[in-house]
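Going left to right, the sequence shown walks through residues 1 to 380 as full-length UniProt numbering numbers them. So the structure is just underneath, and the comments pick up after that.
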Amino acid sequence: MAQDPHPPPPPPPPPPLAQPSKAQLDEVKAAVRALLRQPDYDDGSAGPVLVRLAWHSAGTYCAATQTGGSNGAGMRYQKEGGDPANRGLQHARAFLEPVKRRFPWITYADLWTLAAVVAIEEMGGPRGAGAIPWKGGRSDFADDSRVPPRGRLPDGAQGADHLRHVFYRMGFDDREIVALSGAHNLGRCHASRSGFDGKWVNNPTRFSNQYYKLLLANDWKKVKLPSGMEQFVYVDEDDDDEEEDTAAEGGDGEAKAARQKEKEKEREEGRLMMLPTDMALVSDPAFRPWVERYARDKDLFFAHFAAVFGKLLELGIRRDAEGRVLNAEDEAEGYKSAPKKSDEPQAGADDQGPGQVGHEAAPLKEQNEVNRARREGAKL
1 MAQDPHPPPP PPPPPPLAQP SKAQLDEVKA AVRALLRQPD YDDGSAGPVL
51 VRLAWHSAGT YCAATQTGGS NGAGMRYQKE GGDPANRGLQ HARAFLEPVK
101 RRFPWITYAD LWTLAAVVAI EEMGGPRGAG AIPWKGGRSD FADDSRVPPR
151 GRLPDGAQGA DHLRHVFYRM GFDDREIVAL SGAHNLGRCH ASRSGFDGKW
201 VNNPTRFSNQ YYKLLLANDW KKVKLPSGME QFVYVDEDDD DEEEDTAAEG
251 GDGEAKAARQ KEKEKEREEG RLMMLPTDMA LVSDPAFRPW VERYARDKDL
301 FFAHFAAVFG KLLELGIRRD AEGRVLNAED EAEGYKSAPK KSDEPQAGAD
351 DQGPGQVGHE AAPLKEQNEV NRARREGAKL
């Protein structure tokens, strides 16, 4: 049979996704701002864990294979959500679920990344003309077939070579590695999640360049934790004086012991820490100059962080000249949020709604109760 010399042209590509309007996004931003204050959660704020959610969602990108990144919100599935590096992020997803229910049109991928930008702004980070650039239009994976493999996120127990391996894979350079590490101005580590324990700066809910100042100024000492992990801690030289003051105070033995125990608890909770990857920034000759510059110049750090964090959130996303996403999960149906999927096998493979929300909210409630008990105990 002779071939048609004039075959029909191929069908046109599906139209790019339409993006949410500014008015729609402003409503979502307001809802995120309203949930940031969480008195019973870490340091009274959901902000740091929302930043970590977006970071870990986007930080799976591989430039060589064009896989991973924030598009798809793959952490809704056990294959990605169950990665040990993502422990604790069920709390962030639980915080944002009421926003998702209120605005069902927004995708999880857009909500997670937008929430991080809002949180950083509200915690004193780049804003206004220097704000982190963010564009919508991401879609959600309909199944886990495109979820990236585990093991792509940074391991805090490693050094400079590991940092370069992870960040070069995504397309970052040394300056950008140091700038992105400034996210450690926020939040804290938990022994139950990463094995590390403590906060990097004194005020872990205020975005600043304090992280770099402390890296350079403090005398960091390596310690081994009960988890077996090694980290670096800063011990205040005045601790010994406080112990002497306690010994000189009057009262019976039980009262003295109680006061000493309380002071030890206060010191432990206020103790600052750094990870091996943090210390690599000051020991590596190419990283250190940027640590020094950011420690001296907060405006420079804010400008560089805003640009590189915006770049992180865009990794793997292709857009047309008008900014609309081309590599959508389901282009034929346009901008669409896939239902929330269970990321725990015991929740049931078909569970896409309240059951999964309840599953993720349960550990958040438990964590909040622990924090509340700790705070009330400190008042006694």
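Glycine included, every Cβ here is placed at the ideal spot set by N, Cα and C. None of the values given here were measured: they were computed from a predicted structure.
Other residues of its chain near residue i: CB distance less than 8 Å, five sequence neighbours each side excluded
| i | result |
| --- | --- |
| Arg318 | Val325, Leu326 and Asn327 |
| residue 428 | In the structure displayed, the chain extends from 1 to 380; residue 428 sits before or after that span and is not available. |
| Leu300 | Arg293 and Tyr294 |
| Arg33 | Val118 and Glu122 |
| Val51 | Ala116, Ala119, Ile120, Ala183, Leu186 and Gly187 |
| Pro354 | At Pro354, the pLDDT of 38 sits below 50, so the modelled position is not reliable; the number obtained from the coordinates is stated separately. No residues qualify anywhere along the chain. |
| Asp174 | Arg164, Ala286, Phe287 and Trp290 |
| Gly323 | Gln19, Lys135 and Gly137 |
Cut-off 6 Å between Cβ atoms - residues of its own chain near residue i, not counting five sequence neighbours on either side
| i | result |
| --- | --- |
| Val49 | His91 and Ala92 |
| Ala179 | His304, Phe305 and Val308 |
| Gly124 | Arg206 and Phe207 |
| Gly195 | Ser227 and Met229 |
| Gly88 | Arg193 |
| Arg169 | Cys62 |
| Met273 | Gly198, Gln231 and Val233 |
| Lys224 | Glu230 |
| Asn218 | Tyr234 |
| Gly171 | Ala63 |
| Gly128 | none |
| Ala191 | Asp197 and Ser227 |
8 Å contact criterion, which residue i and residue j should meet: CB distance rounded
| i | j | result |
| --- | --- | --- |
| Ile132 | Ala306 | 5 Å |
| Pro126 | Phe302 | 5 Å |
| Gln19 | Gly182 | Not a contact, Cβ separation roughly 29 Å. |
Proximity to residue i [Cα-Cα], best of the options
| i | options | result |
| --- | --- | --- |
| Thr65 | Trp55, Pro148, Gly187 and Asp284 | Pro148 |
| Asp143 | Asp161, Lys79, Asp43 and Gly128 | Lys79 |
| Tyr41 | Ser181, Asp140, Pro204 and Val28 | Pro204 |
| Val282 | Ser139, Leu215 and Phe232 | Leu215 |
| Glu314 | Val223, Gly44, Gly72 and Arg33 | Gly72 |
| Leu186 | Val235, Gly136 and Gly47 | Gly47 |
| Lys29 | Pro8, Ser70, Glu122 and Gly44 | Glu122 |
| Phe232 | Val118, Gln210, Glu254 and Lys199 | Lys199 |
| Ala119 | Tyr212, Arg271 and Leu36 | Leu36 |
| Lys298 | Asp219, Tyr212 and Arg271 | Tyr212 |
| His184 | Phe172, Phe167 and Asn202 | Asn202 |
| Leu53 | Asp320, Gly323 and Leu312 | Leu312 |
| Gly159 | Phe287, Pro9, Lys135 and Gly130 | Phe287 |
| Ser145 | His6, Tyr77 and Arg271 | Tyr77 |
| Trp55 | Lys224, Phe167 and His190 | Phe167 |
| Lys100 | Pro285, Ala321 and Glu27 | Glu27 |
| Arg150 | Gly171, Pro7, Asn209 and Ser57 | Ser57 |
| Arg102 | Asp161, Pro154, His165 and Ala31 | Ala31 |
| Ala161 | Asn218, Pro285 and Gly310 | Per the sequence shown, the amino acid found at residue 161 is Asp instead of Ala. Closest option to Asp161, Cα to Cα, is Pro285. |
| Trp134 | Gly323, Gly310, Asp320 and Gln210 | Gly310 |
| Cys189 | Arg271, Pro7 and Ala321 | Arg271 |
Neighbourhood of residue i by C-beta distance below 7 Å, restricted to the same chain and skipping five residues each side
| i | result |
| --- | --- |
| Glu333 | Bear in mind that a pLDDT of 45 at Glu333, under 50, signals an unreliable position, so the model cannot answer this. |
| Gly156 | Ser194, Phe196, Leu275, Pro276 and Thr277 |
| Met279 | Trp220 and Phe232 |
| Gly68 | Thr60, Tyr61, Cys62, Pro148, Arg152 and Gly316 |
| Gly130 | Phe302, Ala303 and Ala306 |
| Pro210 | It is Gln, not Pro, that sits at residue 210 in the sequence shown. So the qualifying residues of the chain are Asn185 and Val201. |
| Lys222 | Glu230 and Phe232 |
| Pro9 | none |
What are the complete alpha helix (DSSP H) segments, minimum 4 residues, inside the region 279-332?
-> 288-296 and 298-314
Tell me the start and end of each unbroken alpha helix (DSSP H) in the region 156-238 that is at least 4 residues and wholly inside, in chain order.
-> 160-170, 174-181 and 210-217
Do the region 18-33 and the region 72-88 touch if we need at least three Cβ pairs shorter than 8 Å?
-> no
Report yes or no: do the region 98-115 and the region 289-297 share at least 3 C-beta pairs separated by less than 8 Å?
-> no
Which ranges would you report for the beta strand (DSSP E) in the region 62-123 if only whole runs of at least 3 residues count?
-> none
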